[in-house]
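A.B. asks:
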Amino acid sequence: MQIRIQQLVPVPLKEKFSQRQSDIWNTDITFSAGEWIKIVAPSGTGKTTLMNILYKVRHDYEGSVKLDKRELQTIAGDELATLRQNKVSVIFQDLRLFENLTARENIELNRVLQKPYYEAKVIDEMAARLGITHILNQRAGVCSYGEQQRIAIIRALVQPFEWLIMDEPFSHLDNANTQKAAGLIATECTKRGAGFVLTDLDEDSLFPYTKSISL
Numbered sequence: 037m038q039i040r041i042q043q044l045v046p047v048p049l050k051e052k053f054s055q056r057q058s059d060i061w062n063t064d065i066t067f068s069a070g071e072w073i074k075i076v077a078p079s080g081t082g083k084t085t086l087m088n089i090l091y092k093v094r095h096d097y098e099g100s101v102k103l104d105k106r107e108l109q110t111i112a113g114d115e116l117a118t119l120r121q122n123k124v125s126v127i128f129q130d131l132r133l134f135e136n137l138t139a140r141e142n143i144e145l146n147r148v149l150q151k152p153y154y155e156a157k158v159i160d161e162m163a164a165r166l167g168i169t170h171i172l173n174q175r176a177g178v179c180s181y182g183e184q185q186r187i188a189i190i191r192a193l194v195q196p197f198e199w200l201i202m203d204e205p206f207s208h209l210d211n212a213n214t215q216k217a218a219g220l221i222a223t224e225c226t227k228r229g230a231g232f233v234l235t236d237l238d239e240d241s242l243f244p245y246t247k248s249i250s251l
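Quick note: the sequence shown, position 35, residue 71 per the working numbering, numbers continuous.
#1: In the DSSP assignment, the alpha helix (DSSP H) including residue 37 goes from what residue to what residue?
#2: Run the CB neighbour count on residue 184, radius 10 Å, all protein chains shown included, and call it buried at 16 or more, exposed below.
#3: Per DSSP, residue 231 is paired with what?
#4: With burial defined as no fewer than 16 other Cβ atoms inside 10 Å of the residue's Cβ, what is the status of residue 195: buried or exposed?
#5: Name the two residues that bound the continuous beta strand (DSSP E) containing residue 99.
#6: Per DSSP, what kind of secondary structure is residue 52 in: helix, strand or coil?
#7: Once the 5 residues before and after residue 226 are set aside, which same chain residues still bring their CB inside 8 Å of it?
#8: If you follow the beta strand (DSSP E) that residue 66 is in, where does it begin and where does it stop?
#9: Compare the Cα-Cα distances from residue 205 to each of 197, 214, 118 and 92 and report the closest residue.
#10: Measure the alpha-carbon distance for residue 80 versus residue 248 and round it to whole angstroms.
#11: If I'm right that residue 96 touches residue 38 with Cβ under 8 Å, what's the distance once you round it to whole angstroms?
#12: On a CA-only basis, which of 75, 165, 198 and 158 is nearest residue 126? Give me that one, please.
#13: In or out: residue 132 buried (at least 16 other Cβ within 10 Å) or exposed?
#14: So residue 242 packs on residue 83, CB below 8 Å; how close in whole Å?
#15: What first and last residue would you give for the alpha helix (DSSP H) that runs through residue 158?
#16: According to DSSP, is residue 132 part of a helix, a strand, or is it coil?
#17: In whole angstroms, give me the CA-to-CA distance for residue 201 and residue 77.
#18: Residues bridged to residue 46 by DSSP?
#19: Beta carbon of residue 188, beta carbon of residue 134: below 8 Å?
#20: According to DSSP, simplified to helix, strand and coil, what is residue 246?
Take a look at the structure:
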């Protein structure tokens, strides 16, 4: 699935963004199927806004976002739910876990929203790889933020997807845990031939990025 962005700008930030150079805002760019995209930007330049537009939780923008020539704004209801369940997965910066459910329950909900891509045992395998087996049966709300980030990463990876949208997914992980998480994401994206869009504050060499662009 191709993502094409044309002259995109968030309405509340239109005046601010018209004064600065960007590889995305107020220009045209295409992300081809299977590309691994790194978006580098300092705070306040719209990383989370862009991710929320791509996942269609923000609608207040001018310009166009198209998925395989289909205008994103026209996708709604059951069709949008199917898109999110089968083609586009997300790791939000604020994670959006259900705090009163256990880590396992948070992940399992995503696994069974559609025909399961993986068996339940894969949750344990991924948790072991990321070092969070011991918190799977704890309420997500009592886990540390770093543990919650790893829960959110696994939750995003147990469902089918063609694109993975990640908004600063490693912000509360140390280097060792970042490497483990990046390795798991690379394994899953490679297995599926999936692309991703990842935002962060700085450049890195965690993945062999297809594109590294400035917001």
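Where a beta carbon is used, it is the ideal one built from N, C-alpha and C, also for glycine.
C.D. replies: So, from the data block:
#1: In the sequence shown, residue 37 corresponds to position 1, counting from 1. Per DSSP, residue 37 belongs to no alpha helix (DSSP H) and is neither H nor E.
#2: On the sequence shown, position 148 is the one that residue 184 refers to. Residue environment: residue 184 is assigned as buried (16 or more neighbouring CB atoms within 10 Å of its CB, all protein chains considered).
#3: Residue numbering aside, residue 231 sits at position 195 when the sequence shown is read from its first letter. Listed as beta-bridge partners of residue 231 by DSSP are 199.
#4: Taking the first residue of the sequence shown as position 1, residue 195 is located at position 159. With 16 or more Cβ atoms within 10 Å of its Cβ, residue 195 is classed as buried.
#5: Position 63 of the sequence shown, counted from the start, is the residue given in the question as residue 99. Note, residue 99: beta strand (DSSP E), 97-103.
#6: Start at 1 with the first residue of the sequence shown, and residue 52 comes out as number 16. Assigned with DSSP and collapsed to three states, residue 52 falls in helix.
#7: Taking the sequence shown and counting its residues from 1, one reaches residue 226 at position 190. Taking C-beta separations shorter than 8 Å and ignoring five residues to either side along the sequence, residue 226 has no partners in its chain.
#8: Counting from one through the sequence shown, the residue named residue 66 turns up at place 30. 64-67 is the span of the beta strand (DSSP E), which, as asked, contains residue 66.
#9: Residue mapping note: residue 205 aligns to position 169 of the sequence shown, counting from 1. 214 is the residue among 197, 214, 118 and 92 whose C-alpha sits nearest the C-alpha of residue 205.
#10: On the sequence shown, position 44 is the one that residue 80 refers to. On the sequence shown, position 212 is the one that residue 248 refers to. Their Cα atoms are separated by approximately 19 Å.
#11: Position 60 of the sequence shown holds residue 96. Position 2 of the sequence shown holds residue 38. The Cβ separation is near 24 Å, so there is no contact.
#12: Position 90 of the sequence shown, counting from 1, holds the residue named residue 126. The shortest C-alpha separation from residue 126 is found at 198.
#13: Within the sequence shown, numbered from 1, the residue matching residue 132 stands at position 96. Residue 132 comes out exposed.
#14: For this step, residue 242 is matched to residue 206 along the sequence shown. For this step, residue 83 is matched to residue 47 along the sequence shown. Approximately 17 Å separates the beta-carbon atoms of residue 242 and residue 83; this is outside 8 Å, ruling out the contact.
#15: Counting from 1 along the sequence shown, the entry for residue 158 is found at position 122. Taken as a continuous stretch (DSSP letters only), the alpha helix (DSSP H) holding residue 158 covers 157-166.
#16: Within the sequence shown, residue 132 is the residue found at index 96, counting from 1. Assignment of residue 132 by DSSP, reduced to helix, strand and coil, places it in the coil class.
#17: On the sequence shown, position 165 is the one that residue 201 refers to. On the sequence shown, position 41 is the one that residue 77 refers to. Taken atom to atom, the span from the alpha-carbon of residue 201 to that of residue 77 is near 16 Å.
#18: Along the sequence shown, one-based indexing puts residue 46 at 10. Paired residue(s): 97.
#19: Along the sequence shown, read from residue 1 onward, the residue named residue 188 stands at position 152. Along the sequence shown, read from residue 1 onward, the residue named residue 134 stands at position 98. Contact flag unset, no.
#20: Taking the first residue of the sequence shown as 1, we reach residue 246 at position 210. Three-state result, residue 246: coil.
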